[in-house]
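Have a look at the structure below, then the notes.
Residue numbers (our numbering): 2 to 159.
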């Protein structure tokens, strides 16, 4: 921020606003109950198994409307983070005076790319859940914990 503010105080103000928005979005997300923590509502038990079952029955046209609130807020956080990183990349791309500044810009671009890939992966998993002709087993794996999906894949690849 110091380098950006020295080069363009107005850019630093925009970035400070983006930081504030990202922090507020993060705080909102943190206040929500973790999706996999068991709870009950209206006499109905909710846990990881019922969440996966629910996700496997999502109907294509109304898919986003029946996602848990935390899932929707998580997506909003990711989009806010991408917007934040895009602004930071733009503001720092003109800072090429030192190797440290060049490295920072490179690292920001890498983080932006990683966030975009995460969003694309989420979109892919949601598309699988919405398609009626996808096998239930595939939907269960798409709806399951990311570490389980990755663990299974890595175990097969060895």
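Cβ atoms here follow ideal geometry from the backbone N, Cα and C, with glycine treated the same way.
Owing to the predicted nature of the structure, the values given are computational and were not obtained by experimental measurement.
Report task. Give me the Cα-Cα distance between residue 59 and residue 81, rounded to the nearest whole angstrom. Result -> One C-alpha to the other measures close to 25 Å.
Query raised in the report: What span of residues does the beta strand (DSSP E) with residue 1 cover, start to end?
Result: Examination of residue 1 is not possible in this model, given that the chain is present from 2 through 159 alone.
Query raised in the report: For the 8 Å Cβ check, are there 3 or more pairs between the stretch 56 to 73 and the stretch 7 to 21?
Result: For the pair of segments examined, the stretch 56 to 73 was found not to touch the stretch 7 to 21: the number of CB pairs separated by less than 8 Å stays below three.
**Report entry** Reduced DSSP category for residue 76 - H, G, I as helix; E, B as strand; rest coil
**Finding:** Taken through DSSP and simplified to helix, strand or coil, residue 76 comes out as helix.
Report task. State the DSSP-derived secondary structure class of residue 16, mapped to helix, strand or coil. Result -> Assignment of residue 16 by DSSP, reduced to helix, strand and coil, places it in the helix class.
Requested in this report: Could you spell out the range, first to last residue, of the beta strand (DSSP E) harbouring residue 136?
Outcome: Run containing residue 136: none; DSSP gives neither H nor E here.
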